[in-house]
Amino acid sequence: MDNKINFSQLSEMFAQEVGISKNMSEQFVKSFFDIITEKVLSEGLVKVKGFGTFKLVKMDDRESVNVNTGERFVIEGHSKISFIPDPDLKEAVNRPFSAFGNVILTDEQAGELMKLNPGLKEVAEQQPDQSADDSDSAPVETSAVHKQPVVTISNYRNSEYYKESRRKKKRKDASRKIVKWLLLLVLIAGIAIYALWPVVAVDIMDSICKNGSSTVSSPVYVSNGSKGTDTAFAVDSVKTDSILDMVEITQDEPVSEPEPESVSETESEPVSEPEPEPVSEPEPEPVSEPEPEPVSEPEPETVVKKEPVIEIPVQKPADAMASFVLVDSDSKRDLSDISIADTVNYMIGGLLTVHVMESGETLTKIAQKYYGTKKLWPYIAAYNKSLDFNRINAGTKVNIPILCNR
Amino acid sequence: MNNKQFLSELSARCRIDEKKASDGVQTLVSVMEKVFDSGDTISISGFGVLEVKKKGERVSVNPVTGVRMLVPPKLAISYKPSSLLKDKLK
Numbered sequence: 001m002d003n004k005i006n007f008s009q010l011s012e013m014f015a016q017e018v019g020i021s022k023n024m025s026e027q028f029v030k031s032f033f034d035i036i037t038e039k040v041l042s043e044g045l046v047k048v049k050g051f052g053t054f055k056l057v058k059m060d061d062r063e064s065v066n067v068n069t070g071e072r073f074v075i076e077g078h079s080k081i082s083f084i085p086d087p088d089l090k091e092a093v094n095r096p097f098s099a100f101g102n103v104i105l106t107d108e109q110a111g112e113l114m115k116l117n118p119g120l121k122e123v124a125e126q127q128p129d130q131s132a133d134d135s136d137s138a139p140v141e142t143s144a145v146h147k148q149p150v151v152t153i154s155n156y157r158n159s160e161y162y163k164e165s166r167r168k169k170k171r172k173d174a175s176r177k178i179v180k181w182l183l184l185l186v187l188i189a190g191i192a193i194y195a196l197w198p199v200v201a202v203d204i205m206d207s208i209c210k211n212g213s214s215t216v217s218s219p220v221y222v223s224n225g226s227k228g229t230d231t232a233f234a235v236d237s238v239k240t241d242s243i244l245d246m247v248e249i250t251q252d253e254p255v256s257e258p259e260p261e262s263v264s265e266t267e268s269e270p271v272s273e274p275e276p277e278p279v280s281e282p283e284p285e286p287v288s289e290p291e292p293e294p295v296s297e298p299e300p301e302t303v304v305k306k307e308p309v310i311e312i313p314v315q316k317p318a319d320a321m322a323s324f325v326l327v328d329s330d331s332k333r334d335l336s337d338i339s340i341a342d343t344v345n346y347m348i349g350g351l352l353t354v355h356v357m358e359s360g361e362t363l364t365k366i367a368q369k370y371y372g373t374k375k376l377w378p379y380i381a382a383y384n385k386s387l388d389f390n391r392i393n394a395g396t397k398v399n400i401p402i403l404c405n406r
Numbered sequence: 001m002n003n004k005q006f007l008s009e010l011s012a013r014c015r016i017d018e019k020k021a022s023d024g025v026q027t028l029v030s031v032m033e034k035v036f037d038s039g040d041t042i043s044i045s046g047f048g049v050l051e052v053k054k055k056g057e058r059v060s061v062n063p064v065t066g067v068r069m070l071v072p073p074k075l076a077i078s079y080k081p082s083s084l085l086k087d088k089l090k
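Protein chains in written order, with the working numbering: chain A, 1 to 406; chain B, 1 to 90.
Next comes the structure, spelled out in C-alpha cells:
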C-alpha cells in the first residue's frame, strides 16, 4: 500500500512473471519506457495496445492572476504530456467501483445530497477531465469504503422515484387519451350537424308545418319524429352511429377496470394499459411501497386468498425485514410455471437481503428459494454485476434484489 | 507512432522478434495492473510517475438540458511526467 515501485523492482517482478534473466527484463522494461519518452517528444503521439496513449498537447499562452498580489501575468504557452489509459487497463483499475453507474437526479435529490455531503462538487459536463480530489486521493481504500453506501442509497431512492414517475406518466397518458377521444367525437358530431344542417332545418320546417309542436333546439328528436323522409333517415343513422361509437368507447375503457366508478369523464382513474397484454394491474398502489415491513406477516394464507398478492415466505434473518412480496394481478397463476416471456415484467426495487453462497448452490437455486421460480435468476445476476457467475466460490456474498411488477 | 511501430522498435532494441515483444508488453502491463491493484505507484526515473488516484463522486450537470447526474466515485490512473522530461518539453 502506497509503496513506490521503482524501475528495478518493476523489472524484477517482470522477470519473475516471464521467467527470464534480470538483465534481459531490465533491458526490456528500460527500452519500453525509453521508446515512449523519446517518441512522444519526437512524434507527439505513442500508442501502446493494452497500456494507453501518450500524447503531446500544446497549451497556448494565457493570462492569469497572482492570487496574493492581484497582479496579472502571462503563462507562456508550453507543451504537456497527456496519458489516456487503454479502456481495458482503466476498467481493471476501476474494478472496485465498476458496479456503479451514472444516476439521474431530480432537483430535490440533488439538494438533499448537497446537504448530506457539502463537499460534493457540481460540474458542468463539458469538462470531463476532472482534477483529482486532493482530500480523497491519499487514503484510497478508507475513503472508498466511506463513500460506497451513499451511492447505493441514492440508487435505491432513484429506482423508487423512477417507478412512481412512470406510473404517474401512465395515468396522465391514459387521461389524455380519453380527453382526445372525447374532443374528436364532439368535433365529428359538430361537423356532421353542420354539414347536414340545411337538410335538418328543412326537415324541421316540414315537421313544424305538419305538427306545429316540435322545437328547434333538439334536432335529433325532430328528425326521429319524422321518419317518413329519406333525408331524415340519413341524419338519424349518422347520429346513432356516432352515439354508438361513443357508447363503445366509453364502455371499452371501464372493461379492464374491475369496478367502473363512473363513466368516461373521470380523468384520474387508471385506464386500460397501452399494452394489449391481459395482465393488467388492477391496483398499482402496492408496488409503490416496496418496503417489506407493512405486509401483514402473521397471516400470509388469508392474504393470498383475499387479494392477488402472492407472498413467498423466506427464511427469516434476525430482523423481520426480509419478506419478499411479488405482486401479481392473477392470483390463480402459479409462479412455478411462469413463462420466460413473463420474466421480463419485473423491475428491481431495492435490496432484499444478502445471501452467502454455499457450495453446490447456483443462481437458479437461489432464485427458486427467494422468488419461487428459477427463471428469475437473471435479475440476481443483473443486480450483482461485479461478480463473475461462471466462477463463483462458496462464501461469496450475493445481493438479492426486491422485484416488483412493472 | 502506433502500436505496430512501437513493437517493431522495441523488438529491434531488445533483439527479440515482434511476437515476443508483444507478449512482453502484455505481461508488463498485467504486472503494472497488479501494482496498481495493491495501491502502489510506479515511478520510473526519466519517465515519470504512474499512480492510481481516487476521484470522488460528483454531480455533473448537462448545460443544455440541465439534467443532473450523480457520477459515481472511481479509481483512475494518472501520469505525471518526471521533471527531467518536463525540462525537455520546454
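Beta carbons: idealized from backbone N, C-alpha and C, even for Gly. Values in this document were obtained by computation on a predicted structure and should not be read as measured data.
Asked	Found
Beta-carbon proximity of G24 (chain B) to V18 (chain A), cut-off 8 Å	yes
Short Cβ contact (8 Å threshold) for F6 (chain B) with V46 (chain A)	yes
Residue burial classification, V29 (chain B) (beta-carbon count within 10 angstroms, cutoff 16)	buried
Contacts of E9 (chain B) in chain A (Cβ-Cβ under 7 Å)	I35
When A:G349, A:A92, A:F32, A:F51 are compared against I400 (chain A), the one with the closest alpha-carbon	A:G349
Reduced DSSP secondary structure (H/G/I, E/B, other) of S45 (chain B)	coil
Within 8 Å, strictly: CB atoms of L376 (chain A) and A367 (chain A)	yes
Straight-line Cα distance separating M347 (chain A) from F14 (chain A)	47 Å
R391 (chain A), buried or exposed, once every other Cβ within 10 Å from all chains shown has been counted against 16	exposed
Cβ-Cβ distance between A12 (chain B) and V93 (chain A) below 8 Å	no
Inter-stretch contact at 8 Å, needing at least 3 Cβ pairs: the stretch 80-89 of chain B / the stretch 77-87 of chain A	yes
Positions along the stretch 12-28 of chain A whose CB lies within less than 7 Å of some CB in chain B	M13, F14, E17, V18, Q27, F28
Cross-strand partners of P401 (chain A) (DSSP beta bridge)	A:L351
Contacts that K74 (chain B) makes with chain A (C-beta to C-beta distance below 7 Å)	N94, F97
Where the stretch 56-88 of chain B meets chain A: residues whose CB sits under 8 Å from a CB there	G56, E57, R58, V59, S60, V61, N62, P63, V67, R68, M69, L70, V71, P72, P73, K74, L75, A76, I77, S78, Y79, P81, L85, K88
Option in B:V67, B:K34, B:K19, B:G48 with minimal Cα separation from K88 (chain B)	B:G48
Among A:S8, A:F54, A:V179, nearest to N2 (chain B) - alpha-carbon criterion	A:F54
C-alpha distance - S242 (chain A) paired with K172 (chain A), whole-angstrom precision	Any reading at S242 (chain A) needs caution, since the residue's pLDDT is 43, under 50, leaving its predicted position unreliable; the model's value is listed next. Approximately 26 Å between the Cα atoms of the pair.
Where the beta strand (DSSP E) through E63 (chain A) begins and ends	62-65
8 Å Cβ cutoff, D40 (chain B) in contact with chain A	yes
Contact check, F51 (chain A) vs I44 (chain B), beta carbons under 8 Å	no
Where the beta strand (DSSP E) through G52 (chain A) begins and ends	52-59
E57 (chain B) and P72 (chain B) closer than 8 Å at C-beta	yes
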